[in-house]
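Working notes, beginning with the structure itself.
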Amino acid sequence: MTNSSMLSTILWAAPIVASTTYSHFKDGPPAKSWTLKYNLLIAIMRTYIKGPAATLTPEQMQKGSLTRHQPLPQDCIETELTIATEYREKGEKILAPHVDGLVDDWDWRADRGAADPLPASWITTTATPTAATASNQRTLLYFHGGAYFLGTYKLYRPLLGKLALKSGGARVLAVDYRLAPQHPFPAGLEDALAAYLYLLSPPGDAPFDPVPASQIVISGDSAGGGLTMALLMVLRDSGLPLPGGAIPISPWVDLTHSLPSCQNNYHTDYLPFGSDEIPFSKHQITGGDSLLPRLHFYAPNHILKHYLVSPLYDPKQWRGLPPLLIQTGDAEQLRDESICASFKATNILSTLDDAPPTSTLLDLYQDQPHVFQLLLPSKAVHRSVLTMAEFLRDPTVATGLTIRAVSSEGEIQDVTRDTVARYGGAVWTDWMDRLDHTSSKGPVAKL
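Numbering (mature numbering (1 follows the signal peptide of the UniProt record, and there is no 0)), first residue to last: -19 to -1, 1 to 428.
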């Protein structure tokens, strides 16, 4: 960073630091356990996303996000590789019946054929048994977040390395799926499916032998968490082998922003959804939605309620899926989506009886914002990683519905009964009404 750009950054941040510090000591932090350092971090992130970042073009934002790399922890080994286009072609045949007609204004097959091979990373540990190619070893398939138009798995190396180490040597396949707006839905989902097929049946030069589906755990954060759930639903509805489990982290599973936490938790999160403005609205594409601007780069407004775009709208209500560990911040804007999905999956408040419930362990982290695992080190982050590693070793730890509150100190308390009581009755009726009546053609869900 040059001296001039550093000075500009200081001048830009100074008023935010001053006002946040003043309110922190005068009125207290937005979330009770937040330190001043944490409060400042969230304030600066939120202001940057709504301000300077919103003035950039999608390409500029992407370029900046792709340069954000983090190193692997010690005792981890990374092998970069590419997944050949033939796996996308196999994925297209599976995916086509589920998406044909949804995006007739964009030729996703031509895009797939012209795209470069899918970049990926194979992460192991020095403690991994010499049978690093063994087929009976737990493998994590990870999809990064970034609203489907930002990011790279290289930012997640510390988290992925810790999961490999703490789980006792699980392997990790992390992929850089195609990003919108250049490659909108269903390009990312096709890439996710290609990566899964690659694990099941790798080429001869892959650094591992075929991995049975039962040994795979799929995970992702934010948009990657939504991609995780959409992939599970494609596999389920296509009759393909399901993985042993899945770990959606702060999953973004409702692109209509219909549930109350999108507004109510605005001041304890850095996401821009709570504003009346459309994030990055001056760059939104038009077309296919009358004169309305598109709410997201990923998909046109008229299909935002399709379950492979917003998995919360799954007509099978998350039934018939492998065990889930869902981690979300109790202070984040996407919190209600995870709670709602957990209730649907386990048949707690629903009436759908023709599909088996999905065992779900939902952890609500006190005072934590969106994907807090990537922010500052804390006892809550440490607990989160340990819990994910335990699930990665044995996904069957999730049985029925279990909801736990995790304190800022990492202490765990079962709150299943209290949470069901709190969000049942009139609240649940209100949520279902919001989901049933939100127009996917509107620029924002009016709450």
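Backbone N, C-alpha and C define an ideal beta-carbon position, used for all residues, glycine too.
Determine the direct distance from the alpha carbon of residue j to that of residue i, and round the result to whole angstroms.
{"i": "D411", "j": "D202", "result": "27 Å"}
{"i": "W15", "j": "L373", "result": "29 Å"}
{"i": "A386", "j": "R398", "result": "12 Å"}
{"i": "C243", "j": "E313", "result": "8 Å"}
{"i": "G125", "j": "G9", "result": "According to the sequence displayed, residue 125 carries His and not Gly. One C-alpha to the other measures close to 33 Å."}
{"i": "V352", "j": "R119", "result": "24 Å"}
{"i": "I266", "j": "D81", "result": "Unreliable placement is indicated for I266, whose pLDDT of 49 sits below 50; the coordinate value is still reported in the next sentence. About 22 Å."}
{"i": "I329", "j": "A173", "result": "30 Å"}
{"i": "S262", "j": "L22", "result": "With a pLDDT of 43 at S262, under the threshold of 50, the predicted position of this residue should be treated as unreliable, though the coordinate-derived value follows. C-alpha separation (whole angstroms): 24 Å."}
{"i": "R316", "j": "G207", "result": "13 Å"}
{"i": "T107", "j": "V198", "result": "21 Å"}
{"i": "A34", "j": "M42", "result": "7 Å"}
{"i": "W409", "j": "K13", "result": "27 Å"}
{"i": "A(-6)", "j": "I25", "result": "10 Å"}
{"i": "A112", "j": "I(-4)", "result": "Interpretation of A112 is limited by its pLDDT of 47, a score under 50 that renders its predicted location unreliable; no figure is taken from the coordinates."}
{"i": "S195", "j": "H5", "result": "48 Å"}
{"i": "L252", "j": "N245", "result": "12 Å"}
{"i": "Q347", "j": "A361", "result": "9 Å"}
{"i": "L305", "j": "R403", "result": "22 Å"}
{"i": "L221", "j": "P193", "result": "12 Å"}
{"i": "G185", "j": "S148", "result": "27 Å"}
{"i": "W299", "j": "G406", "result": "20 Å"}
{"i": "A426", "j": "H418", "result": "Only weak support exists for where A426 lies, its pLDDT of 36 falling under 50; the value from the coordinates is given anyway. About 10 Å."}
{"i": "residue 478", "j": "T2", "result": "With the chain covering only -19 through 428, there is no way to say anything about residue 478."}
{"i": "A(-2)", "j": "Q349", "result": "23 Å"}
{"i": "A322", "j": "R275", "result": "25 Å"}
{"i": "H287", "j": "A168", "result": "15 Å"}
{"i": "E171", "j": "A227", "result": "18 Å"}
{"i": "S(-12)", "j": "D190", "result": "52 Å"}
{"i": "M31", "j": "L37", "result": "Here residue 31 is Lys; the residue named in the question, Met, does not match the sequence. The alpha-carbon atoms of K31 and L37 are separated by roughly 11 Å."}
{"i": "Y123", "j": "Y19", "result": "27 Å"}
{"i": "M413", "j": "D295", "result": "13 Å"}
{"i": "A151", "j": "S359", "result": "24 Å"}
{"i": "T377", "j": "L17", "result": "39 Å"}
{"i": "K7", "j": "E371", "result": "41 Å"}
Thinking just about the alpha-carbon of each residue, which of the options is nearest to the one in residue i?
{"i": "L302", "options": "S239, P229, T48", "result": "P229"}
{"i": "S219", "options": "Y123, G9, H79, A407", "result": "H79"}
{"i": "L178", "options": "N282, I75, L315, L141", "result": "I75"}
{"i": "residue 430", "options": "S102, A145, V408, P350", "result": "Beyond the ends of the chain as shown, which are -19 and 428, falls residue 430; an answer cannot be given."}
{"i": "T383", "options": "I307, P337, L355, G406", "result": "I307"}
{"i": "L131", "options": "S182, R69, G205", "result": "G205"}
{"i": "E40", "options": "L160, P281, A370, D311", "result": "L160"}
{"i": "Y68", "options": "L180, H164, V396, L144", "result": "L180"}
{"i": "L343", "options": "V396, L17, G127, E59", "result": "V396"}
{"i": "D311", "options": "P358, L122, Y247", "result": "Y247"}
{"i": "A187", "options": "P296, G72, A65", "result": "A65"}
{"i": "E73", "options": "D56, L212, L276", "result": "L212"}
{"i": "S319", "options": "L357, A(-2), Y129, T400", "result": "T400"}
{"i": "T60", "options": "G45, G142, S(-12), Y29", "result": "G142"}
{"i": "K297", "options": "S359, A280, F324", "result": "F324"}
{"i": "Y129", "options": "A370, D295, S291", "result": "S291"}
{"i": "T341", "options": "D375, L356, G381", "result": "G381"}
{"i": "A175", "options": "A379, G150, T28, E70", "result": "E70"}
{"i": "P337", "options": "R217, L146, P358", "result": "R217"}
{"i": "F166", "options": "V378, H283, K44", "result": "H283"}
{"i": "A145", "options": "T377, L17, M369, P376", "result": "M369"}
{"i": "I238", "options": "L223, H277, D97", "result": "In the sequence as displayed, the identity of residue 238 is His instead of Ile. Out of L223, H277, D97, H277 has the C-alpha closest to the C-alpha of H238."}
{"i": "Y279", "options": "L83, V378, S359, N20", "result": "L83"}
{"i": "Y134", "options": "S182, L47, D97", "result": "L47"}
{"i": "A96", "options": "H164, D375, G225", "result": "H164"}
{"i": "I58", "options": "P376, R27, T28, T105", "result": "T105"}
Quick one: measure Cβ to Cβ for residue i and residue j, integer angstroms, because I've assumed they're closer than 8 Å.
{"i": "L136", "j": "R49", "result": "5 Å"}
{"i": "V215", "j": "L289", "result": "7 Å"}
{"i": "P162", "j": "Q51", "result": "Not confirmed; about 26 Å, so no contact."}
{"i": "R415", "j": "L293", "result": "The Cβ separation is near 11 Å, so there is no contact."}
{"i": "A326", "j": "T309", "result": "The pair is not a contact, with the Cβ atoms about 14 Å apart (cut-off 8 Å)."}
{"i": "S200", "j": "L285", "result": "Incorrect: roughly 24 Å between the Cβ atoms, too far for contact."}
{"i": "T249", "j": "P11", "result": "5 Å"}
What are the partner residues of residue i, as DSSP defines its beta bridges?
{"i": "Y3", "result": "According to DSSP, which records beta bridges pairwise, Y3 is partnered with nothing at all."}
{"i": "D348", "result": "Answer is none; D348 lacks a bridge partner."}
{"i": "V387", "result": "Y346, I393"}
{"i": "R152", "result": "T120"}
{"i": "P100", "result": "T63"}
{"i": "G310", "result": "Y346"}
{"i": "C57", "result": "T106"}
{"i": "residue 453", "result": "The structure shown does not extend to residue 453, since the chain spans only -19 to 428, so no value can be given for it."}
{"i": "S202", "result": "The question names Ser, yet the displayed sequence has Asp at residue 202. Paired residue(s): I230."}
{"i": "I329", "result": "Answer by DSSP bridge pairing: none, since I329 is not bridged."}
### Query
Should the region 146 to 156 be regarded as contacting the region 221 to 235, the criterion being three or more beta carbon pairs within less than 8 Å?
no
### Message
Assess contact between the region 363 to 370 and the region 386 to 396, defined as three or more Cβ pairs (one per stretch) separated by less than 8 Å. Is contact present?
### Response
yes
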